[in-house]
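Position 278 of the first sequence, counted from 1, bears residue number 282 in the numbering used here, the numbering being contiguous throughout.
Ideal Cβ placement from N, Cα and C applies to all residues, glycine included.
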Amino acid sequence: MLQAHYQALRPLTTAHLAQTMTLLSLTASELRQQIEAELSTNPALELVDERRCPACHRLLPGQGACPICSQPRHETLDEPIVFISPRDISYGSGSTGDDEMPEDRFSSTVEELPVYVFRQVAPDLAVEERRLAAHLLTNLDEDGLLAVSLIDAARYLHVLPSQLEKVQRILQHADPIGVCSGSPQEALLVQLEVLAETHTIPSLAERIIREGMSLLSRRQYAELARQMRAPLGKVQEAARFISDNLNPYPARSAWGETRHSTQETARLYYQPDIIISRTGPGSGSQLMVEIIMPLYGTLRVNPLYRQVLQETDKEQKEALREDMDRAALFVKCLQQRNHTIQRLMQQVVSLQRDFILKGEKYLRPATRAQIAQNLEVHESTVSRAVSNKAVQMPNGRIIPLASFFDRSLNVRTVLREIIDSEPYPFSDTELANLLAGQGFQVARRTVAKYRAMEGILPANLRNGRSSYSASQEHQRRL
DNA sequence: CTATGGCACGGATT
DNA sequence: AATCCGTGCCATAG
């Protein structure tokens, strides 16, 4: 049945083909602009605001709408089972008619933050909880802190404060850690808690934040020490730790700093075009892939047009028919775009399952050409589909889709591991041999390049603990 | 003499 | 057709 459905979607004209190609290479946000432009110029095209698609609703928690396909489709694969559905993003309230004027980067950050956070947590929330999360996120101030009190919000939403607190806790652990806290103090505590999982933290830090916030912010350490009944040195150490590692205003300080992302093209913040998440915890879980559609509702040809077409006289008929054809074409192209991306992601996910779940080390070097062959499409098609798109991984990290095709990422990761635990600084030649021992055959010269990419100093400048400042200085020089 | 970085070439990618 | 990436060759630094 699906087969038949898509048979009808095969490109029929060169115009169709060209438009599909164009749409294929667009990001979710670019697509949104495109759709809006089309909607405003073509009266035959209509966006039906159906927020829920029954089938999606059953499978996805919450309101995963299926905007483009009027018949929602979920395909299952044998190996990792993949559900794919376009997914909606709403852009808060108001300001829909904004013309792209990137003059003010800061304001765009403010506008993006709620969406960015919502995307991370949405998969983990139940339907009702999503509503709460959305409400909280629309009430953030520019620092990423809650502008309303939890009590007020709970009253407004007609829920128990405890329910809202639960949602808030989840939000606070999303990427700008501490976001959605009620106060700087609260944000710090959340950050401290998260940090404590991986680092050792000064014992005094928590108490200082809890009890000595005002003194801390005024840097009155002596007074603080007296109040804590602790030595001044300890207090200063803790204060130092706090100012170095924590941030009372989660939204400030470039939360897109994506450390360790290995891609030099790391844009500040991505809007993911595709989201990969796990359907549940544990090893037997399946992967769920969502293709983002940036608008609510179903896009279709306005059925009224068909009727009117019957009843008008000839000269008007021509104009109407043209609009209708354009609209139909657009919808087809859009469907084809999503279909192509869907098939692509099925390939990618089943090939790179280990990479998605276990990390960069397990990336398989795959070429676009190979995927294109499996998909029986031209490699330039794959190329277009892959470029300029961002994927959000199950762990919340957002990376370019192109990194799935990075031929050297796994080698570089292993290289990093070797160097991180080396007993003495290995020379590039030794590193090359060690890598070969692990099955990575790379030339000595290439090892040097990878080192540079990872910002690791050459052996002669590397003494045991490679200091950050040194390596950063080195990076700057490149 | 050894370890690295620069330049250039060929194949893959876009 | 233009560009990027892995490599080999060679010059330079220690």
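Does the beta-carbon distance from residue i to residue j come in below 9 Å?
i      : j      : result
Leu140 : Arg341 : no
Gln167 : Leu136 : yes
Pro398 : Ile296 : no
Arg304 : Glu50  : yes
Met232 : Ile278 : no
Glu524 : Leu196 : The structure shown does not extend to residue 524, since the chain spans only 5 to 482, so no value can be given for it.
Val121 : Asp179 : yes
Leu333 : Gln23  : yes
Asn306 : Ala323 : no
Asp410 : Pro369 : yes
Leu435 : Arg466 : no
Leu150 : Gln172 : yes
Do you know how far the Cα of residue j is from the Cα of residue i?
i      : j      : result
Thr417 : Thr142 : 39 Å
Met328 : Lys318 : 15 Å
Val183 : Gln189 : 12 Å
Leu250 : Arg420 : 27 Å
Ile174 : Leu192 : 15 Å
Leu338 : Leu35  : 9 Å
Asn494 : Val194 : Since the first and last residues shown for the chain are 5 and 482, residue 494 lies out of range.
Gly459 : Ser412 : 15 Å
Glu215 : Leu154 : 21 Å
Asn392 : Ala126 : 24 Å
Ala138 : Lys453 : 45 Å
Glu42  : Glu294 : 24 Å
His20  : Val131 : 38 Å
Phe430 : Leu117 : 43 Å
Tyr274 : Gln356 : Since pLDDT at Tyr274 reaches only 48, below the 50 mark, its modelled position is unreliable, and the value read off the structure follows with that caveat. For Tyr274 and Gln356, the distance between alpha carbons rounds to 21 Å.
Pro169 : Ala447 : In the sequence under discussion, the amino acid at residue 169 is Glu, which differs from the Pro named in the question. Their backbone Cα atoms lie some 55 Å apart in a straight line.
Lys238 : Gln346 : 56 Å
Val152 : Pro47  : 41 Å
Val335 : Asp358 : 35 Å
Ala32  : Ala389 : 12 Å
Ser218 : Arg211 : 13 Å
Gln124 : Ile360 : 16 Å
Leu438 : Leu367 : 19 Å
So, is residue i buried or exposed, given that buried needs 16 or more other C-beta atoms within 10 angstroms?
i      : result
Leu236 : exposed
Glu133 : buried
Arg263 : Unreliable placement is indicated for Arg263, whose pLDDT of 33 sits below 50; the coordinate value is still reported in the next sentence. Arg263 is exposed by the Cβ-count criterion.
Tyr428 : exposed
Gly363 : exposed
His203 : exposed
Arg449 : exposed
Pro503 : No statement about residue 503 is possible, as the shown extent of the chain runs from 5 to 482 and does not include it.
Arg372 : buried
Thr344 : buried
His177 : buried
Gln377 : exposed
Gln320 : exposed
Ser425 : exposed
Ser187 : exposed
Ala200 : exposed
Ser185 : buried
Please report the residue range of the alpha helix (DSSP H) in which residue i lies.
i      : result
Val335 : 318–355
Pro188 : 188–200
Gln37  : 32–45
Pro369 : From DSSP, Pro369 is part of no alpha helix (DSSP H); its letter is neither H nor E.
Glu483 : Here the chain comprises residues numbered 5 to 482, so residue 483 is not present and cannot be evaluated.
Met297 : Where Met297 is concerned, there is no enclosing alpha helix (DSSP H), given that its DSSP letter is neither H nor E.
Asp179 : Segment: none, Asp179 is in no alpha helix (DSSP H) and carries neither H nor E.
His382 : Run containing His382: none; DSSP gives neither H nor E here.
Asp410 : No alpha helix (DSSP H) contains Asp410, which DSSP labels as neither H nor E.
Leu27  : 18–28
Leu435 : 432–441
Glu364 : Careful: Glu364 lies outside any alpha helix (DSSP H) and carries neither H nor E.
Gln311 : 307–315
Along the chain, where does the beta strand (DSSP E) that runs through residue i open and close?
i      : result
Ser281 : 278–282
Met457 : Segment 448–458 is the alpha helix (DSSP H) holding Met457; no beta strand (DSSP E) there.
Ile205 : Where Ile205 is concerned, there is no enclosing beta strand (DSSP E), given that its DSSP letter is neither H nor E.
Gln290 : No beta strand (DSSP E) contains Gln290, which DSSP labels as neither H nor E.
Val395 : 394–396
Ile403 : 402–404
Going by the C-beta, is residue i closer than 8 Å to any heavy atom of the ligand MN?
i      : result
Ala447 : The ligand MN is not part of the structure shown, which contains no ligands of any sort.
Practice task
Would you check if the region 380–387 and the region 308–321 touch, i.e. whether three or more CB-CB distances between them fall below 8 Å?
Solution key: no
Exercise for the section: Decide if the region 394–407 is in contact with the region 430–444; the criterion is three or more beta carbon pairs, one per stretch, under 8 Å apart. Expected result: no
Problem - Inter-stretch contact (C-beta, 8 Å, three-pair minimum) for the region 154–163 and the region 226–235 - result: no
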